[in-house]
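Protein chains in written order, with the UniProt record's numbering: chain A, 1 to 217; chain B, 1 to 220.
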């Protein structure tokens, strides 16, 4: 099987999501840099790959894909012979739970955590601006409510979708990794099962490798 | 005999997304109301079904599922022989078709949903529940949504439906918010030629019409 090309940046959360999948399945790939600092993601060449002008995009021969969670599923399905099964598509009940917690990441976790990361990390570091504390504070309150649900879940289940590591857990990595380099990392201290889960998933070799390419490593 | 139960009201966009899928798939179901005014969605019994205390929740003989897009995928996977056979993309095992559906369903969830949900709240739910509308939020979200619809318009100039030649979950996912927005500001969709064409086609589907009938019926 020939390799794939991933267009993006190793520091970008959504690129990292796909990088993790590629590493987990041991795929051959090339990371082609697209610089968001210069606005390259809005260039005609990149818009042809991702009409929303975002990173990442994936090229596999003639196939071009965008949306990191969809790309992730494609990678995991394409390389399922590798033996790494993070989707559990052979089991209806298990695959349903993977989809549930992947959606929870998209619709509950991500909207709460990403403004905290954006304000406290991206705004000062990339934009040279001042974090909006009101946004951080209100997002933190929402995030804690989400973490309460995760704490209850992870008290009953080793991983989010069940007793198996899956794409649902993996998908939470990039933004959480960035929260951990902000002062708001301490929020996890109040949620011991979430903290233990985080320590477990970040001990995976794929996570260590992708983490090394991100800011604050 | 329905072994499928959906918890929630058809007036909730997320619930109506699931109902649309059930009608497309010809899967019988029972709708169990959740009295949110009385806080039933935060009751311990309901939190066992949906730990975030939101609707919908879905239960059948195999499992309990929440998050409307996950429920829709589960319905397609668990009832593969029933009703619409192309909601998840082409034939069984067609990875490219399935991936295209995933991609455009993600676009809906990540790009269309946030501004459209904010607008639905401002234009429909805020007045309904006596909240004051926020003109700045309306303007900001209309602008964001306009950018998304511009991308859709180009895509739908090349492709009959978002994921390809067939109506799929990727299109279906847009029906709930689209329906409310078009009723409040038809121009958003209809001023764009390809989006307008697509909207008229998907909103005319019998399955969606059944959902709208449920929404318009007196809510018990």
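Glycine residues also receive a C-beta, built at the ideal position from the N, C-alpha and C atoms.
According to DSSP, which residues form a beta bridge with residue 5 of chain A?
A:30 and A:59
Let me know the secondary structure DSSP gives residue 168 of chain A once reduced to three states.
helix
If you measure from the beta carbon of residue 136 of chain A to each beta carbon in chain B, is any gap under 9 angstroms?
no
Look at the Cβ atom of residue 89 of chain B, then the Cβ atom of residue 166 of chain B, and state whether they are nearer than 9 angstroms.
yes
In this structure, what does DSSP give as the bridge partners for residue 59 of chain B?
Its beta-bridge partners are B:5 and B:64.
Check each residue of the segment 74 to 95 of chain B: if its Cβ is closer than 8 angstroms to any Cβ of chain A, include it; give the result in chain order.
74, 77, 78 and 95
Residue 184 of chain A and residue 136 of chain A: beta carbons closer than 9 angstroms?
Yes, the pair counts as a contact, with Cβ atoms nearer than the cut-off.
Does the beta carbon of residue 63 of chain A sit closer than 9 angstroms to a beta carbon anywhere in chain B?
yes
Proximity test, Cβ basis, 9 angstroms: residue 167 of chain B and chain A:
no
Given 8 angstroms as the limit, is there contact between the segment 98 to 106 of chain A and the segment 52 to 71 of chain B, that is, 3 or more CB pairs closer than that?
yes
Using a 10 Å radius around the Cβ and a threshold of 16 neighbouring Cβ atoms, would you call residue 129 of chain B buried or exposed?
exposed
Could you check the C-alpha separation between residue 127 of chain B and residue 133 of chain B for me, to the nearest Å?
7 angstroms
Segment contact flag, the segment 46 to 61 of chain B with the segment 94 to 104 of chain B, C-beta cutoff 8 angstroms, min 3 pairs:
no
List the endpoints of the continuous beta strand (DSSP E) containing residue 32 of chain B.
It spans 30 to 32 - the beta strand (DSSP E) in which residue 32 of chain B sits, taken as one unbroken run.
Take residue 206 of chain B and list the residues in its own chain whose beta-carbon comes closer than 8 angstroms to its own, dropping the five residues that flank it on each side.
23
is_contact[residue 45 of chain A, chain B] using C-beta, thresh 9 angstroms
no
Would you mind sorting residue 104 of chain A into buried or exposed? The rule is 16 or more other CB atoms within 10 Å of its CB.
buried
Suppose only complete runs of 3+ residues qualify. What are the beta strand (DSSP E) ranges in the segment 158 to 215 of chain A, listed by chain order?
none
Residue 130 of chain A burial status per 10 Å Cβ neighbour count (16 or more: buried)
Classification of residue 130 of chain A: exposed, given that the 10 Å Cβ count is below 16.
Where do the N-terminal and C-terminal ends of the alpha helix (DSSP H) with residue 84 of chain B fall, by residue?
Residue 84 of chain B -> no alpha helix (DSSP H), and no H or E assigned at all.
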